[in-house]
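Trainee: If you read the sequence shown in this note's numbering, its first letter stands for residue 16, the second for the next number, and so on.
Where a beta carbon is used, it is the ideal one built from N, C-alpha and C, also for glycine.
What you are looking at is a predicted structure, and each value in this text was computed from that prediction instead of being measured.
One structure, as structure tokens, below. Some questions next.
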Amino acid sequence: MAVDSNASLDAPTQTASGVTGKLWRWSWNEIRHGQLWPVSIALTLIIACIFALTALTERMEQVVVKQGKTALTADSVFTSNNPLPGALLASVETHKLTNAQRVQFQTMAFSDNGMKLISVKAVTNNYPLQGTLRLSDGNNDFSHVEPGQLWLDERLFSQLDVKIGDAVTVGDADYTISGKVLEEPGLSFNPFRQMPAAYIDINDVAKTGAVQTGSRVRYDLFLNGDDNVLKQVQDAVELTPSDRWRSENSASRTNDVFSRTQQYLSLTVAIVIIMAATTLVLTCQHYVSTRVRTIAMLKSLGASRGWLTRWLMMQIAILLVSSMVFGFGLGWLLEYLLRIPLVDLLPNPLPSFGVRPFLFALGTSVVIAIPALGIPLLGLIKVSAVNVLQASDAPLVEKRSLWLLLFPLVPLVALYWNNHLVWMVLGGMLVLFVILALVSLLVTKSLSRLPLSTSFQLALSRINRSAWNTGVQFGALALSLMLLAVLWLVRTDLLSDWQRTIPSDAPNAFSLNIASYEKDQYLKTLDDNHIERSAAYPIIRGRLSKINHVDAKQYTDGAQGTDALSRELNFTWDDKIPDYNQVVSGNWTHSGGVSVESEVARELKINVGDTLDFVINSQTVQATVNTIRDVEWRDMKPNFYFIFTPDVLKHIPATWLVSFRLESKDDALVNQLSRQHPTVSLLDIRSMGAKIQSLLTQIVWSITVLAAVGVIAGLMLIFTLLRLSLSQRQQEVQLYRTLGASRKRVTRTIWAEYGLMALIAGLVASLGAESVVAGIMHYGFDLTPTLHLGLWVLLPLITFCTLFVVVNSLIKKLLKPINKAFI
């Protein structure tokens with residue numbers, strides 16, 4: 016440190032401006048020539064990483080929520096099998112919510128050349144509130160339906176053998192075809208409910224004569240508005256078993272992706288903050304350890320505690336201001352760079368991230384810096400002048416300053432109080448730090464008994480010499496590696512699960528209502544054209560009426576997550592359970608049995624051996640539960656809540672279902688099937704699949720970029736840990752060189768010592784990461800954990816690579832003898 020020899024260190028003898036000026040100059044010199052630059056870099060990186068991640072997270076959460084609402088076509092949707100309640104409509108009017116309505120029913124459509132059972136969607140003029148409805152009359156595109164118009168699904172033109180402008184009768188109403196439906200809003204899909212659609216105005220429902228007492232009709236009310244207002248409207252409506260509210264937070268197969276994405280974003284930011292904060296703490300501790308004699312010398316020259324406090328506070332002020340300037344600048348650049356891979360996937364223009372990332376990055380860095388800088392610096396100020404002559408082994412941390420830890424802990428608790436993933440990781444860190452350190456020490460103790468080379472024996476002797484310091488080093492290094500691995504493995508497992516939402520080879524077409532007499536010919540056409548298809552399944556609609564001779568309606572209150580009792584279901588029968596369904600319990604029987612989907616069985620408390628009664632076409636059938644099975648609904652294959660043995664339902668007439676995969680070259684086949692089998696409903700869902708895949712691709716990219724930033728923060732922490740550990744060895748290594756140890760012997764010992772640390776810490780961290788990720792996936796995301804064998808090779812390799820960079824950057828300085836090192 017540079018000191019002005021003509022200036023007294025006694026502040027009272029100087030003018031205020033003179034003292035302040037000299038303090039500023041000495042503070043700048045200390046930052047430039049001392050050991051504060053690593054602290055400055057760590058603080059800058061904290062601000063940059065937190066700002067970039069928070070800004071990108073803010074944008075992505077807005078995009079994800081917007082996508083979810085677009086898929087839903089509104090902020091919230093009320094769905095019922097009964098006409099919309101007057102109280103609900105009055106509440107919507109009172110709160111002045113933007114709303115649209117849709118009435119959906121089935122009826123026959125007739126043309127001069129054919130007839131077809133269709134799904135009619137009668138909508139208000141402003142439908143949809145969110146998303147896109149594309150209609151075309153062959154010359155122009157439209158987005159809304161007007162009274163008197165009829166817009167047909169493209170498939171209906173071939174099935175009814177009509178063109179735009181022809182006459183079509185829907186129920187009792189006569190229409191002239193207005194055009195084609197090119198794109199419908201939303202991502203929801205249920206092949207058993209869908210059939211070729213026709214759009215009309217909601218005011219034309221009455222003239223179709225299709226909605227009568229007892230008709231199967233679905234009424235939807237779409238609402239846009241403030242979340243608090245929507246909550247008030249929802250709370251004011253008493254739901255019947257056939258009513259439900261849906262929002263972007265509703266449990267559904269697609270919305271699971273949205274909620275898990277938001278959880279992962281929070282987890283990533285929390286882990287990056289932890290790793291960056293640890294880096295700051297380590298660099299600050301190292302700075303304090305190198306400045307003990309400097310402070311002791313200044314005190315011996317007459318510097319008062321107040322003067323030293325002002326001097327250190329000025330340095331902190333300079334650090335904070337410079338770190339904010341460079342941190343926000345670097346963070347802005349980093350956030351821009353993170354978006355480069357997403358430029359074709361993110362919406363344009365992007366939603367603004369507002370001021371929250373600035374405030375969050377600034378607040379987080381300050382609350383982290385207060386204990387990270389304050390605790391060691393308060394201990395540094397109290398260093399005695401005697402330390403100039405004799406170094407003290409007393410710790411610099413005083414217990415009375417530990418209350419500063421409340422600054423980061425209180426906001427952490429407030430911010431992540433309800434995020435169990437973050438607390439799972441934090442709790443795991445505290446426990447695993449101790450476990451990882453102890454396991455690492457046990458491994459090194461065991462290795463010291465083996466007949467190893469001299470270099471490895473010296474390395475193990477050095478490692479085992481101080482159990483406390485070695486344990487802390489092992490614990491910190493293994494924990495850093497573990498956090499890095501957790502971040503990446505959770506990302507990998509989530510993406511593996513999401514990619515199953517619609518697998519690349521999933522069926523993208525369903526054929527329904529295949530009559531028994533035409534089933535063989537229909538399947539033969541598919542097989543002759545080499546179309547990959549599923550087995551054909553008979554379909555019968557019915558209801559579950561009794562469970563163990565007790566009215567099933569009594570189970571409604573306990574089945575909030577399933578609608579198995581609120582509507583008719585599609586039943587099937589077969590000689591065996593589909594290969595893609597996994598049996599959880601029981602054994603398949605060949606008579607009098609039924610297999611139940613596991614979620615329905617759990618929510619209705621159905622067990623193997625229970626007796627179930629069903630009502631099908633006014634007939635009652637009874638079956639005994641022989642198996643309970645898991646169903647992956649997202650694989651787009653034919654799946655059912657209940658699968659019967661053939662003897663139970665074979666006397667009831669049924670139609671057939673088959674799923675298959677179409678390619679672009681099969682478009683002619685689709686038209687051929689529609690002409691040859693006009694009563695079969697062929698559902699081509701390729702456009703919907705492409706829409707979901709585009710959304711998933713966007714989320715995958717975002718998650719990958721965020722995970723990569725977390726990995727960078729982890730590598731920075733590992734680099735810091737290894738560099739500080741080697742720096743602490745500097746005087747010892749230089750003493751070996753002074754006493755005559757060869758460069759080759761010292762170099763081998765260093766590589767042996769830190770190579771063993773890298774190997775042991777990597778393997779122990781792999782074990783810890785597997786345990787933590789298994790817990791996160793099971794309890795946090797409700798997914799089945801998997802084993803990651805590549806991790807056991809990758810983590811030690813990452814540590815070796817980082818170690819190679821660190822050792823090569825310090826080895827020349829470390830190998831200088833003491834008499835040369837201090838010249």
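1. Measuring CB to CB, does Val501 end up less than 8 Å from Val808?
2. May I ask you to report which of helix, strand or coil DSSP gives Phe489?
3. Of the residues Ile554, Tyr351, Gln174, Gly805, which one's Cα is nearest the Cα of Ala669?
4. So Ile396 is in the alpha helix (DSSP H); what residue range does that whole segment cover?
5. Let's test the definition: count the other Cβ atoms within 10 Å of the Cβ of Arg306 and tell me whether it reaches 16, buried, or not, exposed.
6. So, using beta-carbon positions, are Val135 and Ile217 closer together than 8 Å?
7. Would you mind stating whether Leu144 and Trp166 have Cβ atoms separated by less than 8 Å?
8. By how many angstroms is the C-alpha of Val646 removed from the C-alpha of Glu612?
9. Of the choices Asp258, Arg701, Asp650, Ala63, whose alpha-carbon is the least far from that of Lys680?
10. DSSP puts Met123 in a beta bridge; with which residues?
11. Is it right to say Asp168 is buried, meaning 16 or more other beta carbons lie within 10 angstroms of its own, or is it exposed?
12. Buried or exposed: which applies to Gln330, given that a residue is buried once 16 or more other Cβ atoms fall within 10 Å of its Cβ?
13. One question on the structure: do Val248 and Val107 come within less than 8 Å of each other, judged by their Cβ atoms?
14. Give the single residue among Ser337, Leu313, Arg558 whose Cα lies nearest to the Cα of Trp326.
15. Assign Gly783 to buried or exposed, taking buried as 16 or more other Cβ atoms, counted over all protein chains shown, within 10 Å of its Cβ.
16. When we look at the beta-carbon of Trp418 and count the other beta-carbons within 10 Å, is it buried (16 or more) or exposed?
17. Using only the alpha-carbon positions, how far apart do Arg178 and Asn585 sit?
18. Between the stretch 809-819 and the stretch 525-538, can you find at least three pairs of beta-carbon atoms closer than 8 Å?
19. What is the DSSP secondary structure of Tyr532, reduced to helix, strand or coil?
20. Counting only the same chain and skipping the five closest in sequence on each side, list residues whose C-beta sits under 6 Å from that of Val822.
21. In the DSSP output, what is Leu473 paired with across the bridge?
22. With distances taken Cα to Cα, identify the nearest neighbour of Ile192 among Pro162, Ala221, Glu199.
23. Alpha carbon to alpha carbon, how far is Ile631 from Glu583?
24. Can you list, in chain order, the residues of its chain whose CB lies under 7 Å from that of Ile910, leaving out five sequence neighbours each side?
25. Would you decide whether His692 is buried or exposed? Buried here means 16 or more other CB atoms lie within 10 Å of its CB.
26. What's the gap between the Cα of Pro410 and the Cα of Lys759?
27. Return the residue from the list Leu504, Leu148, Val185 that minimises the CA-CA distance to Leu197.
28. Does DSSP put Asp408 in a helix, a strand or coil?
29. Are the stretch 392-399 and the stretch 58-72 in contact at 8 Å, needing three or more beta carbon pairs?
30. Would Val244 and Val118 be called neighbours here (beta carbons separated by less than 8 Å)?
31. What span of residues does the alpha helix (DSSP H) with Ala182 cover, start to end?
32. Would you tell me roughly how many angstroms separate the C-alpha atoms of Leu6 and Pro811, rounded to the nearest one?
33. Would Gly805 be called buried (16 or more neighbouring beta carbons within 10 Å of its own) or exposed?
34. Which value, in whole angstroms, describes the spacing of the CA atoms of Thr469 and Leu453?
35. Rounded to whole angstroms, how far is the Cβ of Ser338 from the Cβ of Leu58, which I believe are closer than 8 Å?
36. Across which residues does DSSP place Ile310 in a beta bridge pair?
Mentor: Put simply:
1. no
2. It is helical.
3. Nearest to Ala669 by C-alpha distance, out of Ile554, Tyr351, Gln174, Gly805, is Ile554.
4. 371-396
5. buried
6. no
7. no
8. 6 Å
9. Arg701
10. Leu132
11. buried
12. buried
13. yes
14. Leu313
15. buried
16. exposed
17. It is Lys, not Arg, that sits at residue 178 in the sequence shown. Their backbone Cα atoms lie some 34 Å apart in a straight line.
18. No: the two stretches stay apart, fewer than three of their Cβ pairs being nearer than 8 Å.
19. helix
20. none
21. Paired residues: none, contrary to the question.
22. Per the Cα distances, Pro162.
23. 9 Å
24. Here the chain comprises residues numbered 16 to 838, so residue 910 is not present and cannot be evaluated.
25. buried
26. Low confidence applies to Pro410: its pLDDT is 47, below 50, so where it sits in the model is not reliable enough to give any reading.
27. Of the candidates Leu504, Leu148, Val185, the one whose C-alpha sits nearest the C-alpha of Leu197 is Leu148.
28. Residue placement at Asp408 is poorly supported in this model, since its pLDDT is 48, which falls under 50; the coordinates are not used for a value here.
29. no
30. no
31. First-last for Ala182: 182-185, but that is the beta strand (DSSP E), not the alpha helix (DSSP H).
32. The first residue shown for the chain is 16 and the last is 838, placing residue 6 beyond what the model contains.
33. exposed
34. 25 Å
35. 4 Å
36. DSSP output for Ile310 lists no bridge partner at all.
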